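Structure first, commentary second.
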Amino acid sequence: MDSVIEVKQVSKYFGKKVALNNVNLSLCNSESLTLFGPNGAGKSTLLKIMSTLLHPSAGDVTICGISIHDDKPSIRKYIGIISHDSFLYGNLTAEENLFFYGKLYGVKNLKNRVDELLEKFNLTIHRDTLVRTFSRGMSQRLAIARAIIHDPAIIFLDEPYTGLDPQASDSLTNILFGFHQDKKTMIITTHDLEKGWTTATKIAILACGEIRLLEDKSNIKKENISEIYLNCIKTK
Amino acid sequence: MKNYFEIVWAIINKDLISELRTKETISSIIIFTVLVFVIFNFTFEPGASYINEIAPGILWVAYIFASVLGLNRTFLPERENNCISGLMLTPIDRGAIYLAKMLGNIIFIFIVVGLSLPIFTIFYNINIFPFLPKLLLVFFLSIAGIAGLGTALSAMAVNTKTREIMLPILLFPLMVPLILAAVKTTGSILQGKSFSEISGWLKLLTAFDIIFITVPYLTFEYLIEE
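Keeping their order, the protein sequence lines are chains A and B.
Each residue of the first sequence is one higher than the last, beginning at 1 in the numbering used here.
Each residue of the second sequence is one higher than the last, beginning at 237 in the numbering used here.
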């Protein structure tokens, strides 16, 4: 199977600090990779490089066959990002936020798409409500709607469970299962082993800027993941 | 090309809607501008003959300092919820973001000029209305230059901890030619001079606009990069 995402020997330095060191990984269509790692491991930096927000100091990333060094705008059309930051404007309504991002992505039949997403994420009755009045859970649902407004093939989720209550967390897990059924390719970064395990087809552990483990989930027993994680994040 | 301008308008429209709901920027700039007019008015004798000579300076001091207040806020809405990353993740040309923010600043500053200019004429007893078409051209060229350079520097300063002070420190030295040209042309127009007599200053303003709008437009991707 052809790789949809290919990270080749990517390194990133901030001055003398090594954030990523020779990272390699590849992901095929509709695979879901959970990237575990402690704070400061380089998870968000890797996602930022894959999503074209940061330049790597060395190496290359190809998304759907396009190198980040060649055509960033085309890559951005394939990617949706869900982060602990919602990327939503508090002084705009839910509908206005979706319309705004939809226009920037050049979404066709935008009105229908906005209606469909508001319906899907149970936000139709809040469509005219200012986002600054939303609860964290509502903001997260709208942020997901925003991230998929252009129906991307690839979805990156950077610590998506941060700050969510148990109900909102379960709701997010169900949404992720939905993405899996829709054959989306996903990369999720988290340090919550339980949540990250649920939706993964592939597991990676990143520590000190290095990939310490990259395996199909079927090769790992759930009861061992905690021990494997702790062994991997030990400083070499 | 149509799509390009639709994107530019979408960003301007988003900022205008947001501003209309909060009125944070416009109200503070207008109050500041009027306060400058009032304070300077107290320092001069009513009906003094030298008012006509110093009034253009007062006018542009007020507008330039007021513009800095607005320019400082250009990218602040994008910091909320890290919207700047959301914007940067879309496949739009970075130049379109610059263009939209710059045009938005021009609109905001022109609204302030429109609302405060009548107050200026009352306080300083200067009838500007016979010269209004000529003055509008000078205002447009000057405000475009302020917004062009200020938007670019605001994008650079927004991620610094001392952005409120960083922007004026970067902006004022670079704006010296524009300030000189704006004050000189406004003064000359109020004295009834023709365009041919101030053509040198107008050329300077035009050149300033071309340089400080084109260069940031072409390099904005690097200016706004994390």
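Backbone N, C-alpha and C fix where the C-beta goes; we use that ideal spot for every residue, glycine too.
The structure presented is a predicted model; accordingly, all values stated were derived computationally and were not measured.
Here DSSP, grouped into helix, strand and coil, assigns Asn24/A to strand.
Pairing Glu6/A with Asn24/A, the inter-Cα distance amounts to about 8 Å.
Ranked by how close their Cα comes to the Cα of Ser57/A, the residues Thr129/A, Ser11/A, Lys43/A, Leu214/A have Ser11/A in first place.
Taking the Cβ atoms as the reference, Thr45/A lies roughly 33 Å from Thr93/A, outside the contact range of under 8 Å.
Runs of the beta strand (DSSP E) spanning 3 or more residues and lying entirely within the stretch 128 to 211 of chain A occur at 154 to 158, 185 to 190, 202 to 207, in chain order.
Between the alpha carbons of Thr62/A and Leu157/A lies a distance of about 18 Å. Cβ atoms of Ile82/A and Ala153/A stay farther apart than 8 Å, at about 15 Å. Here Lys103/A carries a helix assignment [DSSP, helix/strand/coil].
The C-alpha of Gly15/A lies about 55 Å from the C-alpha of Phe280/B. Contact with chain B is absent for Lys17/A, since none of that chain's Cβ atoms lies less than 7 Å from the residue's Cβ. Only Cys319, Ser321, Gly322, Leu323, Met324, Leu325, Thr326, Pro327, Ile328, Asp329 from the stretch 319 to 336 of chain B bring a Cβ to less than 8 Å from some Cβ of chain A. By the Cβ neighbour-count rule, Asn112/A is exposed, with fewer than 16 other Cβ atoms within 10 Å of its own. Two segments are said to touch when three or more pairs of C-beta atoms, one from each, lie closer than 8 Å; by this definition the stretch 431 to 445 of chain B does not touch the stretch 315 to 332 of chain B. Look at Ala246/B: its C-beta is under 7 Å from a C-beta on chain A. For the stretch 26 to 92 of chain A, the continuous alpha helix (DSSP H) assignments of 4+ residues that do not extend past its boundaries occur at 43 to 50, 72 to 78, in sequence order.
Interface with chain A (7 Å Cβ-Cβ cutoff): Ser254/B is included.
Taken atom to atom, the span from the alpha-carbon of Leu407/B to that of Ala302/B is near 13 Å.
What Glu242/B touches in chain A, judged by beta-carbon distance under 8 Å, is Lys103, going in chain order. When the five nearest sequence neighbours on each side are left out, the beta carbons in the same chain lying within less than 8 Å of the beta carbon of Leu33/A are those of Leu25, Leu27, Met186, Ile187, Ile188, Ala200, Thr201, Lys202, Ile203, Ala204, in order along the chain. Here Glu215/A carries a strand assignment [DSSP, helix/strand/coil]. Between the alpha carbons of Trp197/A and His126/A lies a gap of roughly 32 Å.
Under a criterion of Cβ atoms nearer than 7 Å, the residues of chain B adjacent to Phe87/A are, in order, Asn317, Asn318, Cys319, Ser321, Gly322. At least one CB of chain B lies nearer than 7 Å to the CB of Lys77/A. Linking Asp182/A to Gly37/A through their CA atoms gives a straight-line distance of about 27 Å. Below 8 Å, enough C-beta pairs join the stretch 68 to 77 of chain A and the stretch 321 to 338 of chain B to call them touching: three or more. Between Ala332/B and Val244/B, the C-beta gap is smaller than 7 Å, which places the two residues in contact. Chain B places no beta carbon closer than 7 Å to that of Ile187/A, leaving this residue out of the contacts.
In the DSSP assignment, Lys111/A forms no beta bridge with any residue. Within chain B, the residues Ala246, Lys250 have their CB atoms less than 7 Å from the CB of Phe100/A, given in chain order. Using a 10 angstroms sphere on the CB of Thr396/B, the tally of other CB atoms stays under 16, which defines it as exposed.
Taking the beta carbon of Ser51/A as reference, the chain B residues within 7 Å of it are Leu325, listed in sequence order. DSSP assignment within the stretch 294 to 319 of chain B yields the following whole alpha helix (DSSP H) runs of 4 residues or more, N-terminal first: 312 to 315. Per DSSP, Ile5/A is one residue of the beta strand (DSSP E) stretching across 3 to 14.
Using a Cβ-Cβ cut-off of 7 Å, Asn91/A counts as an interface residue toward chain B, since at least one Cβ of chain B sits closer than that to its own.
For Glu227/A, the enclosing alpha helix (DSSP H) begins and ends at 225 to 233.
Between the stretch 381 to 401 of chain B and the stretch 310 to 317 of chain B there are three or more inter-stretch CB-CB distances shorter than 8 Å, so the stretches are counted as touching.
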